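The sequence shown maps to residues 5 to 62 in our numbering.
Built from N, CA and C at the ideal position, the CB exists for glycine as well.
Note that this is a predicted model, so its numbers are computed, not measured.
Some notes on the structure that comes next.
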Amino acid sequence: MTNNSHKYLVFIGTVCAIPLLLWGLNVLITGGYFGPVIQDIYQTGRDASGIFWTDIDN
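Take a look at the structure:
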């Protein structure tokens with residue numbers, strides 16, 4: 005296999021793998037595998053930055 009054909013196969017593999025990974029992530033989110041909070045953010049379209057704050061009111 006030449007170097008040029010190897011680069012072509014890597015490129016085609018990347019182009020095919022990215023949509024499959026995004027589809028798989030979508031299936032996991034909509035299936036609730038990441039928890040109800042992530043699923044709620046996905047379904048309602050609200051801002052997701054709140055899940056990263058760890059401040060606790062005293």
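Does residue i come out as helix, strand or coil in the three-state DSSP assignment?
{"i": "Thr6", "result": "coil"}
{"i": "Gln47", "result": "helix"}
{"i": "Tyr37", "result": "coil"}
Please identify the residue among the options whose C-alpha is closest to the C-alpha of residue i.
{"i": "Thr34", "options": "Trp27, Gln43 and Leu26", "result": "Gln43"}
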